[in-house]
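Count along the sequence shown from 1, add 1, and you get the number used in our numbering.
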Amino acid sequence: MSLEGRIIAKVPTTLYVFAAGIFLSNGVNLFNDVYGAAAIPDRAHQLLLASGSSIAAAACWTVVAVKIEQLIKTADFGASDAPRRDALLGELWNDVRVRVLAYLAGAIVASCLALLALLH
Numbered sequence: 002m003s004l005e006g007r008i009i010a011k012v013p014t015t016l017y018v019f020a021a022g023i024f025l026s027n028g029v030n031l032f033n034d035v036y037g038a039a040a041i042p043d044r045a046h047q048l049l050l051a052s053g054s055s056i057a058a059a060a061c062w063t064v065v066a067v068k069i070e071q072l073i074k075t076a077d078f079g080a081s082d083a084p085r086r087d088a089l090l091g092e093l094w095n096d097v098r099v100r101v102l103a104y105l106a107g108a109i110v111a112s113c114l115a116l117l118a119l120l121h
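In C-alpha cells form, the structure reads like this:
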C-alpha cells in the first residue's frame, strides 16, 4: 500500500465522521441564520455559500470515512493472517485510491471555502 494509503488507514474513521458532524452542524446553523432572521442579513450570500460548502464538506468527509471503513472490513474478512490482510488492503486501496483521494481533496477544499466565505 502507498504512503498516503497507510496514513489515511491509520486515522480512525470516527475522526472523519466527527469532522463531518462539525461541518454539518455549522452548515445547518448558518442556513438557519439566514432564513431564521426577521430580515435578510447583509451577508446572506456569504452565509449561504458557507452553509452549502459546510454541507458539501460534511458529505465528502462522510464518504471518505465509509470508503476507508469498507476497505478495512473487507480486508479483515478476506484474509486470515496479517501479511495477507496487508496485501489485500494494498490491492483494494489501489482500486479505489483516486476516488478516495478525490473525495478527501473535495472535503478539504469545501472545508476551506466554508471558512473563507465567512471571513470576507
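Where a beta carbon is used, it is the ideal one built from N, C-alpha and C, also for glycine.
These figures come from a predicted structure and were not determined experimentally.
Express the C-alpha separation of threonine 63 and valine 18 in angstroms, rounding to a whole number. 6 Å
Which whole-angstrom value is the C-beta distance of valine 101 and valine 65, which I expect to be below 8 Å? 6 Å
Rounding to the nearest angstrom, what Cα-Cα distance links leucine 50 and alanine 57 in this structure? 10 Å
Quick check on alanine 106: does DSSP put it in helix, strand or coil? helix
Just to confirm before moving on: does the CB-CB distance between threonine 14 and isoleucine 69 stay below 8 Å? yes
Candidates Gly22, Ser52 and Ala40: which alpha carbon is nearest phenylalanine 32's? Ser52
Do alanine 115 and serine 26 have their beta-carbon atoms positioned less than 8 Å apart in this structure? no
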